[in-house]
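**Q** Okay, here's the structure, questions in a sec.
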């Protein structure tokens, strides 16, 4: 019969509280007594239930989500959508935020393994794909959201970033813009790379080329977007871009702030278009034209894929590509003066 | 001597990978072989290192954070600040979002216990304070941020919500407002209750009273704030409030949206003041006057208190009350017409 905490307490001649304290490594208890209790636990082969379930490989009904920055509303809204769907399906969610740093990504991947999550949802980019290997070796199901690891066979839910970039470009070209610039994220962010590619592709089709200095890689903060936008918009009106394509809403807010600081009117002097359609986009001054990602359906889909994988491992991995949508608000318009 | 995974594999006559698979409950392995491996583990008293450290009460260098809604930028920014300070001090952070529901709060508290966090930071309200008892009984250090549990002796970091409410009222009174209304959060949210109290207190000092229907309890979403604001602002101009005090920035955004829908000018027809000073406040149209909480210092402080508690339990609990700050932007002004 399985030993209980009562058995341990009786055998060791101590209170249940004392046994509990030893298990938690807390409370005032002498080293001597602590050692004796531990020995009793061992002798009775006592395993607290949680630990026992980890030992026997039982499901924990917990999922892990790794995002690059929880203070970016896009990832906060993704986390919310994943939590809601997880809850719906009877799973709890552990969220980890990595500050986009590989070292923290690795630490959190290890942590989630140690915490015995049933599966992981990764929404953060990483330079080194080998970081995922130990997890996949341990056969913990992993799915990706909003990011891709093309060398690895993983279920992936993304928006069509390339098409999103094209939509932005088509919108700006249709408004009459010719001199444009891009605020991109760090080059390791796959989604941002695709958005830039799509944007440039459509520009190319229209016979428009951008100078090398017109594509700026930013870290993902508002401040960084503002700094890069300032350096672009401080140029003389004759060479200044009339429109900025920003690879996320945070960078677009930086661009709006830069325009405000330089007393440039949006959209008359400079049009700004974002990406994500987070809560931010609907509240900015002026409200932000942006490319919407279907955040709720993406969160639902990624949980469903992970649970499918938990139920039955399959060699066939899906790459679910959702359609982005251009949301026109007031931050884009025809350029006031043609360059 | 402690048994290793090699001992188990050798004794059971299987590969290390097979033992690992059994521990993780994954991989293709027959039930028979699985049972045999488990029996061998038991016989050798084998405990994988993570589980062993949980058993012997070693530190896991992991903290847990429970927030009501990660998609509210206030809590996302708190989470970011806590993660940063935790990282600085060598701790990882597990974030859980409860959707403000007691049932989910309880589930996540249990989960964090099971996952052997060294300590917990609670930023969510709960109707039933008994939910925290099992954790405190297990001697897991708990600290509160942005919420209070006054019946329990816990380190707590809050902003002075009462003073924040007073600041809002003083600002609106100074601008000449007499007919005001409040969008409050759910009555179980202690911080919101204090803000309302402070606001009403200062109104009382100025001889201004609010009608019973002027204090609206909302859920914490933008949509809900908008609905309540609409019902307040749809009233005839002679009785309509000229200013709305909103107990967080999300509700203030709902109020701005309601004003826009009713074609009321902000601040000429209605002033709106928020609380929190999240990223939202600086980007709204018009930019939002709000009461700033010092989010970064609060996150740092709460981690420091928790680590202090981890190092040495103390009966003396601190209640750190930080000073809020009125940030005047363009959403408040003198009422155009006196009621």
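Protein chains in written order, with my numbering: chain A, 226 to 564; chain B, 226 to 564. Here a beta-carbon is modelled for each residue, glycine too, at the ideal position from N, C-alpha and C.
Counting only C-beta atoms, is residue 291 of chain A closer than 7 Å to chain B at any point?
**A** The residue you call residue 291 of chain A lines up with position 66 of the first chain. It does not: the Cβ of residue 291 of chain A has no partner Cβ on chain B nearer than 7 Å.
**Q** Which residues of chain B have a Cβ atom closer than 8 Å to the Cβ of residue 319 of chain A, listed in chain order?
**A** Stepping through the first chain from its first residue, residue 319 of chain A is reached at position 94. Within 8 Å Cβ-Cβ: 319, 320, 321, 336 and 340.
**Q** Please identify the residue among B:518, B:229 and B:543 whose C-alpha is closest to the C-alpha of residue 267 of chain B.
**A** Residue numbering aside, residue 267 of chain B sits at position 42 when the second chain is read from its first letter. Per the Cα distances, B:229.
**Q** Using DSSP with H/G/I as helix, E/B as strand and the rest coil, what is residue 490 of chain A?
**A** For the purposes of this step, residue 490 of chain A is taken as residue 265 along the first chain, with counting starting at 1. Note: residue 490 of chain A maps to coil in three-state DSSP.
**Q** Indicate the three-state DSSP secondary structure (helix, strand or coil) for residue 428 of chain B in the structure shown.
**A** Position 203 of the second chain holds residue 428 of chain B. Correct three-state label for residue 428 of chain B: helix.
**Q** Give me the chain A residues within the contact set of residue 329 of chain B, using Cβ-Cβ distance strictly less than 9 Å, ordered along the chain.
**A** For the purposes of this step, residue 329 of chain B is taken as residue 104 along the second chain, with counting starting at 1. In chain order: 308, 312 and 317.
**Q** Is the CB of residue 296 of chain B under 7 Å away from at least one CB in chain A?
**A** Along the second chain, one-based indexing puts residue 296 of chain B at 71. By this cut-off, residue 296 of chain B is an interface position.
**Q** What is the rounded straight-line gap between the Cα of residue 484 of chain A and the Cα of residue 363 of chain A?
**A** Position 259 of the first chain, counting from 1, holds the residue named residue 484 of chain A. Position 138 of the first chain, counting from 1, holds the residue named residue 363 of chain A. Each residue's Cα considered, the two are about 50 Å apart.
**Q** According to DSSP, which residues form a beta bridge with residue 550 of chain B?
**A** Numbered from 1 along the second chain, position 325 holds the residue referred to as residue 550 of chain B. Looking at the DSSP assignment, residue 550 of chain B forms a beta bridge with B:517.
**Q** On the three-state DSSP scale, how would you describe residue 324 of chain A?
**A** Sequence index remark: in the first chain, residue 324 of chain A carries index 99 (1-based). In the structure shown, residue 324 of chain A sits in coil (DSSP, three-state: anything other than H, G, I, E or B).
**Q** Beta carbons nearer than 9 Å to chain A: which residues of the region 474-488 of chain B have them?
**A** Residues passing the 9 Å Cβ filter: 475, 478, 481 and 482.
**Q** What's the gap between the Cα of residue 603 of chain A and the Cα of residue 559 of chain A?
**A** Here chain A comprises residues numbered 226 to 564, so residue 603 of chain A is not present and cannot be evaluated.
**Q** When DSSP labels each residue in this structure, what does residue 344 of chain B get in the three-state scheme?
**A** Here residue 344 of chain B refers to the residue found at position 119 of the second chain. Three-state DSSP puts residue 344 of chain B in a strand.
**Q** Can you determine whether any heavy atom of the ligand ZN sits closer than 6 Å to the C-beta of residue 328 of chain A, and answer yes or no?
**A** This structure does not include the ligand ZN; it has no bound ligands of any sort.
**Q** For a cutoff of 7 Å on Cβ pairs, would you count residue 508 of chain A as touching chain B?
**A** Taking the first residue of the first chain as position 1, residue 508 of chain A is located at position 283. It does; some Cβ of chain B falls within 7 Å.
**Q** Does chain B have any CB closer than 7 Å to the CB of residue 493 of chain A?
**A** Within the first chain, the letter at position 268 stands for residue 493 of chain A. So no, residue 493 of chain A is outside the interface.
**Q** Is the beta carbon of residue 323 of chain A closer than 7 Å to that of residue 183 of chain A?
**A** Examination of residue 183 of chain A is not possible in this model, given that chain A is present from 226 through 564 alone.
**Q** Tell me which same chain residues have a C-beta within less than 8 Å of the C-beta of residue 552 of chain A, skipping the five on either side of it?
**A** Position 327 of the first chain, counted from the start, is the residue given in the question as residue 552 of chain A. Cβ neighbours of residue 552 of chain A beyond the five flanking positions: 502, 506, 514, 515, 516 and 517.
**Q** Could you check how far apart the C-beta atoms of residue 263 of chain A and residue 247 of chain A are, in whole angstroms? I think they sit under 8 Å.
**A** Taking the first residue of the first chain as position 1, residue 263 of chain A is located at position 38. Taking the first residue of the first chain as position 1, residue 247 of chain A is located at position 22. Contact flag correct, Cβ pair sits at about 6 Å.
**Q** Quick one: measure Cβ to Cβ for residue 479 of chain A and residue 450 of chain A, integer angstroms, because I've assumed they're closer than 8 Å.
**A** In the first chain, residue 479 of chain A corresponds to position 254, counting from 1. In the first chain, residue 450 of chain A corresponds to position 225, counting from 1. Between residue 450 of chain A and residue 479 of chain A the Cβ distance is about 2 Å, and since that is below 8 Å, they are a contact.
**Q** Short check: CB of residue 408 of chain A to CB of residue 452 of chain A, under 7 Å?
**A** Locating residue 408 of chain A in the first chain gives position 183, where the first residue counts as 1. Locating residue 452 of chain A in the first chain gives position 227, where the first residue counts as 1. No, Cβ-Cβ distance for residue 408 of chain A and residue 452 of chain A is not below 7 Å.
**Q** Would you say residue 302 of chain B reaches chain A, if we count a Cβ-Cβ gap shorter than 7 Å as a contact?
**A** In the second chain, residue 302 of chain B corresponds to position 77, counting from 1. With its beta carbon less than 7 Å from one in chain A, residue 302 of chain B belongs to the interface.
**Q** Are there 16 or more other CB atoms within 10 angstroms of the CB of residue 525 of chain A, so buried, or fewer, so exposed?
**A** In the first chain, residue 525 of chain A corresponds to position 300, counting from 1. Its Cβ being crowded by 16 or more others within 10 Å, residue 525 of chain A is buried.
**Q** Among A:353, A:344 and A:352, which one has its Cα closest to the Cα of residue 367 of chain A?
**A** Here residue 367 of chain A refers to the residue found at position 142 when the first chain is read from its first residue. If we check each option's Cα against that of residue 367 of chain A, A:344 comes out closest.
**Q** Would you mind stating whether residue 439 of chain B and residue 406 of chain B have Cβ atoms separated by less than 7 Å?
**A** As a working note, residue 439 of chain B is residue 214 in the second chain. As a working note, residue 406 of chain B is residue 181 in the second chain. Their beta carbons are under 7 Å apart, which means residue 439 of chain B touches residue 406 of chain B by this criterion.
**Q** Can you give, in chain order, each stretch of the alpha helix (DSSP H) that sits fully within the region 290-325 of chain A and has at least 4 residues?
**A** 298-313
**Q** Going by DSSP in three states, residue 379 of chain B sits in which element: helix, strand or coil?
**A** For this step, residue 379 of chain B is matched to residue 154 along the second chain. Of the three classes helix, strand and coil, the one that applies to residue 379 of chain B here is coil, per DSSP.
**Q** Are at least three pairs of beta-carbons, each pair with one atom in the region 532-546 of chain A and one in the region 415-430 of chain A, less than 8 Å apart?
**A** no
**Q** Once the 5 residues before and after residue 352 of chain A are set aside, which same chain residues still bring their CB inside 7 Å of it?
**A** Translated into positions along the first chain, residue 352 of chain A becomes position 127. 327 and 413.
**Q** Go ahead and label residue 271 of chain A buried or exposed: buried means 16 or more other beta carbons lie within 10 angstroms of its beta carbon, across all protein chains shown.
**A** As a first step, residue 271 of chain A is located in the first chain; it is residue number 46 there, counting from the start. Buried: at least 16 other Cβ atoms inside 10 Å.
**Q** List, in chain order, every chain B residue whose beta-carbon is nearer than 9 Å to that of residue 245 of chain A.
**A** Sequence index remark: in the first chain, residue 245 of chain A carries index 20 (1-based). 362, 363 and 364, listed in chain order.
**Q** CB-CB under 8 Å to residue 315 of chain A, same chain, minus the five flanking residues each way: which ones, in chain order?
**A** Your numbering for residue 315 of chain A matches position 90 in the first chain. Here the set comprises 286.
**Q** Ordered along the chain, which non-local residues of its own chain (more than five positions away) have a Cβ less than 6 Å from that of residue 311 of chain A?
**A** Residue 311 of chain A sits at position 86 when you count from the first residue of the first chain. So the qualifying residues of the chain are 288, 318 and 528.
**Q** Who are the near neighbours of residue 294 of chain A in its chain, counting only those whose CB is closer than 7 Å to its CB and skipping five residues on each side?
**A** Residue 294 of chain A sits at position 69 when you count from the first residue of the first chain. So the qualifying residues of the chain are 300, 322, 324, 325 and 445.
**Q** Go ahead and label residue 239 of chain A buried or exposed: buried means 16 or more other beta carbons lie within 10 angstroms of its beta carbon, across all protein chains shown.
**A** Here residue 239 of chain A corresponds to residue number 14 of the first chain, with the count starting at 1. A residue is called buried once 16 or more other Cβ atoms fall within 10 Å of its Cβ, and residue 239 of chain A is buried on that count.
**Q** Going by the beta-carbon positions, is the gap between residue 397 of chain A and residue 346 of chain A smaller than 7 Å?
**A** Against the first chain, residue 397 of chain A aligns to sequence position 172. Against the first chain, residue 346 of chain A aligns to sequence position 121. No, Cβ-Cβ distance for residue 397 of chain A and residue 346 of chain A is not below 7 Å.
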